[in-house]
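In what follows, a structure is listed as structure tokens, so that the remarks can point back to it.
In the working numbering, the protein residues as written are 459 to 715.
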């Protein structure tokens, strides 16, 4: 999950609330992997939920074939019916009232524009959609949304499991990477709230990196001793920083250095 990169401060009990959740869908089962997460978070935050599907106009394709008005009308009707069906499933199986929105244009840009103009707090998107799973970690659409949305984004790893239950999802283990900055700490309120709600194991992690010492010749004993000294000092500082967080979090956590 990523967060906007603006500076933020956080303190104990200062819960970040997601009041409006947006789940982009493209009609594929892989894209629907987000739905159990949408349900879990909508219930936790009592949030408004919106399902969106973007129809890319044929005129934006490379071959720029003219649009058949009748075919386009049928395409839109099918897309709307699909969104309505998903919304009905959410209503029936999870008691979640989701709005449906049908957009036209480039997928990533249309989703980002909608998020900006409708005060979306969190975009929940599958790593892959209609194009299927690939060797890339995320699809091009998901990557563009993370880069352009300037909103919190949750990426759900896509998998081919068929239609799945919408309820019953629980987060068993949460890992929060921290680097000591206020920006990284923006995620703590959400992690704290989510861990308490799901009784999950909460892990706070920090990576102590060995400093680089560019040399034309192999490092001598003094260089190696200096590197080791810096690593030890950085590890001590990281441990002190992480321990200070115990007074700021409402939920117990484990450290991983």
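The beta-carbon is built from N, C-alpha and C at its ideal position, and this holds for glycine as well.
For clarity, every value in this text was computed on a predicted model and none was experimentally measured.
With a cutoff of 7 Å on beta-carbon distance, residue 633 and residue 661 are scored as near each other. Shortest Cα-Cα distance from residue 496 to any of 484, 696 and 556 involves 556. The three-state reading of DSSP puts residue 585 in coil, since its state is none of H, G, I, E or B. Taking C-alpha positions only, residue 658 is separated from residue 628 by approximately 8 Å.
Residue 608 is not a Cβ neighbour of residue 597, given a cutoff of 7 Å.
Contact between residue 545 and residue 558 holds, with the beta-carbon distance rounding to 5 Å and staying under 8 Å. For residue 639, no beta strand (DSSP E) segment is defined, and its DSSP state is neither H nor E.
Cβ contact annotation for residue 669 (same chain, cutoff 7 Å, sequence separation greater than five): 685 and 688, in chain order. Beyond the five residues adjoining it in sequence on each side, residue 493 comes within less than 6 Å, by CB distance, of 624 in the same chain, given in chain order. Less than 7 Å divides the Cβ of residue 511 from the Cβ of residue 483. Going by C-alpha positions, residue 604 is about 18 Å away from residue 635.
If you draw a straight line from the Cα of residue 699 to the Cα of residue 611, it comes to about 27 Å. According to the DSSP assignment, residue 683 belongs to the alpha helix (DSSP H) that extends over 679 to 702. In the DSSP annotation of this structure, the continuous segment of the beta strand (DSSP E) that includes residue 561 starts and ends at 556 to 562. With contacts defined as CB atoms closer than 7 Å, residue 578 and residue 480 qualify as a contacting pair. The beta carbon of residue 711 sits closer than 7 Å to the beta carbons of 660, 661 and 662 from its chain, once the five residues preceding and following it are set aside; these are given in chain order. When 691, 550, 638 and 491 are compared, the shortest CA-CA separation from residue 664 is found for 638.
With 16 or more other Cβ atoms inside 10 Å of its own Cβ, residue 565 counts as buried.
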